[in-house]
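Structure first, then comments.
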Amino acid sequence: MIDFDRYMTDMTHEELMESCRRIKHVALDMDGTIYLGSKLFPFTKSFLASLSANGIRYSFLTNNPTRSIADYIRKLHKLGIEATPDEVYTTAVATIDYIHQNHPEAKRLFVLGTPSMIEEFEQAGFEMADDDPSDRPDLLVVAFDMTLTYDRLCRAAWWASQGLPYIATNPDRVCPTDQDVVLVDCGSMCECIFHATGRRPDIVIGKPNPDMLRCIMTKYGLRPNEVAMCGDRIYTDVATARNAGSLGVLVLSGETTLGTAMESDPRPAITAENVAEFGRLLLESRGIKH
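Each residue of the sequence shown is one higher than the one before, counting from 35 in the working numbering.
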């Protein structure tokens, strides 16, 4: 039997079991959840295999737009995880979908983003504006950009100050890493632009915006309580689940500490050491020995 004291939850034993028993699909954050930086967690493969063996689908949802879908699939394959394009959804793709749906007239963009992300936007039919005040874009997109230069940051701030539609791909302040460095992420870049211009993004696409999770529900015909969102951040992963009406599972393998989880209000529905522990909980709720 599983030791329920290993899980921090405000649910009763019966409520916990029933919530886990309903789950048909697990949406997984990537960095900090199934791997950290360039290192796959040792329990990830067996966790995914267990989901598949017991009829539970999974998808990979990431707020990190620095890689294209193809790049993420290559990275996952290199780590030993087989994945298809349908199983990976990034905030870059979600942003492209949002622009097509809400700004169909937009063709020319000024984008703070990596070459891989910009290539994905170009493949979707967009043109990139130059770093030139005479080349006025239709829309400003700010993303996690590890190739960022000061001049381009200043140009993005200029376009924000000029009232262009302004979209951020994700709210993350930092990106998880296994290196001794702080990776400044999109949310911090947007704060820089805000302090310079007084302007915040019109919309932030990534988690905790629940639209990425709702796409999974629509695709597979699922109800909110049949989907779990599992990740290492309360303010993105767990908040996404809460906003979508799904089960939010915090894992302590990435950014968030147990102390932070305990002090959170509201607390995550479930807090587990890692995805392997959550996997054991899913099996236990189905009466499956492990």
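Ideal placement from N, C-alpha and C gives every residue a C-beta, glycine not left out.
Worksheet item: How is F144 classed by DSSP in three states: helix, strand or coil?
Response: Stepping through the sequence shown from its first residue, residue 144 is reached at position 110. Strand.
Worksheet item: Is A262 near S280, with beta carbons less than 9 Å apart?
Response: Counted from its first residue, the sequence shown places residue 262 at position 228. Counted from its first residue, the sequence shown places residue 280 at position 246. In this structure, S280 lies closer than 9 Å to A262 by Cβ.
Fill in: D67: first and last residue of the uninterrupted alpha helix (DSSP H) it sits in
Counting from 1 along the sequence shown, the entry for residue 67 is found at position 33. Position check: residue 67 holds Thr in this sequence, whereas Asp was assumed. Segment: none, T67 is in no alpha helix (DSSP H) and carries neither H nor E.
Discussion item. Going residue by residue through the region 89-117, where are the continuous alpha helix (DSSP H) segments of at least 4 residues, counting only ones entirely within it?
Written reply: 103-112
Worksheet item: Out of F144, V176 and T183, which has the shortest C-alpha to C-alpha gap to S168?
Response: Walking along the sequence shown from the start, residue 168 turns up at place 134. Ranking the options by Cα distance to S168, first place goes to F144.
Worksheet entry | I57 to A87 span [Cα, whole Å] | On the sequence shown, residue 57 is found 23 positions in, with the first residue counted as 1. On the sequence shown, residue 87 is found 53 positions in, with the first residue counted as 1. So the alpha carbons of these two residues sit roughly 14 Å apart.
Discussion item. I need the DSSP call for L286, collapsed to helix, strand or coil.
Written reply: Locating residue 286 in the sequence shown gives position 252, where the first residue counts as 1. Looking at L286 - three-state DSSP - the assignment turns out to be coil, as it is neither helix nor strand.
Discussion item. Rounding to the nearest angstrom, what Cα-Cα distance links S80 and R314 in this structure?
Written reply: Position 46 of the sequence shown, counting from 1, holds the residue named residue 80. Position 280 of the sequence shown, counting from 1, holds the residue named residue 314. Their backbone Cα atoms lie some 11 Å apart in a straight line.
Fill in: Stretch-stretch touch, CB-based, cutoff 8 Å, three pairs: the region 65-83 with the region 259-277
yes
Discussion item. Per DSSP, what are the beta-bridge partners of I250 in this structure?
Written reply: Your numbering for residue 250 matches position 216 in the sequence shown. Beta-bridge pairing links I250 to no other residue.
Fill in: Given 8 Å, three or more beta-carbon pairs between the region 133-142 and the region 152-166
yes
Worksheet entry | 7 Å CB neighbourhood of A194 in its chain, flanking five on each side removed | Residue numbering aside, residue 194 sits at position 160 when the sequence shown is read from its first letter. For A194, where only same-chain residues beyond five positions count, the Cβ hits under 7 Å are L174, Y200, I227, T231 and R233.
Worksheet item: Who are the Cβ neighbours of F38 in its own chain at under 8 Å, not counting the five residues just before and after it?
Response: Start at 1 with the first residue of the sequence shown, and residue 38 comes out as number 4. Here F38 scores only 41 on pLDDT, less than 50, and its place in the model is too uncertain to base an answer on.
Worksheet item: For I268, which residues from the same chain have a beta carbon less than 8 Å from its beta carbon, with the 5 sequence-adjacent residues on both sides left out?
Response: For the purposes of this step, residue 268 is identified with residue 234 of the sequence shown, where counting begins at 1. Only L284, T290, T294, A295, S298 and P302 meet the Cβ criterion.
Fill in: Own chain residues within Cβ distance below 6 Å of M35, not counting five before or after
The residue labelled residue 35 in the question sits at position 1 within the sequence shown. Note that M35 has pLDDT 37, beneath the 50 cutoff, so the model's placement of it is unreliable and no number is given.
Fill in: Range covered by the alpha helix (DSSP H) that runs through R127
Residue 127 sits at position 93 when you count from the first residue of the sequence shown. Before going on, a small fix: residue 127 reads as Val here, not Arg. Element bounds for V127: T125 to N136.
Discussion item. Could you compute how far the alpha carbon of R108 sits from the alpha carbon of P149?
Written reply: Within the sequence shown, numbered from 1, the residue matching residue 108 stands at position 74. Within the sequence shown, numbered from 1, the residue matching residue 149 stands at position 115. Roughly 16 Å separates the two Cα atoms.
Fill in: K112 to L317 span [Cα, whole Å]
Locating residue 112 in the sequence shown gives position 78, counting from the first residue. Locating residue 317 in the sequence shown gives position 283, counting from the first residue. Computed Cα separation, rounded: 28 Å.
Item to complete: Please name the residue or residues paired with M51 in a DSSP beta bridge.
Response: The sequence position of residue 51 within the sequence shown is 17, counting from 1. Its beta-bridge partners do not exist; DSSP assigns none.
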